[in-house]
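Colleague:
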Amino acid sequence: ARRAARLTPEVRRLHARTPPASLVVGGDPDRVELHTLGTSRRPRAALAVGTEAPLGTAERYAVHSAI
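Going by this note's numbering, the letters in the sequence shown line up with residues 10 to 76, in that order.
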């Protein structure tokens with residue numbers, strides 16, 4: 010819950026962008042990628058993916074497929 014609370018300002022910033030949008034918070038080894046969910050003008054939610062390092066091609070494809 011504390012980690013999610015720390016991401017709230019970044020999620021708000023992400024929601025101000027036109028979907029699809031994403032941004033990265035933090036860096037190695039505590040990196041979080043935020044992605045908008047939904048295709049309307051206003052995103053419905055955000056998906057947070059925690060990683061130790063930038064996603065590779067296969068991992069990024071898997072995240073985009075899930076969205």
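Cβ atoms here follow ideal geometry from the backbone N, Cα and C, with glycine treated the same way.
For Leu-32, which of helix, strand or coil comes out of DSSP?
Modeller: strand
Colleague: Measure the CB-CB distance between Ala-55 and Thr-45 and report whether it falls below 8 Å.
Modeller: Contact: yes.
Colleague: To the nearest angstrom, how far is the alpha carbon of Ala-62 from that of Asp-37?
Modeller: 5 Å
Colleague: Give the DSSP-derived three-state secondary structure of Ala-13 in the structure shown.
Modeller: helix
Colleague: Please tell me whether Val-58 and Val-34 are closer than 8 Å, where the distance is taken between their beta carbons.
Modeller: No, Cβ-Cβ distance for Val-58 and Val-34 is not below 8 Å.
Colleague: So Ser-31 and Leu-16 are in contact, right, with Cβ under 8 Å, and what is the actual spacing, rounded?
Modeller: No, Ser-31 and Leu-16 are not in contact; Cβ-Cβ is about 13 Å, not under 8 Å.
Colleague: Between Leu-13 and Arg-21, what straight-line distance do the alpha-carbon atoms span, to the nearest angstrom?
Modeller: Before going further, note that residue 13 is Ala rather than Leu in the sequence given. Those two C-alpha atoms are separated by around 12 Å.
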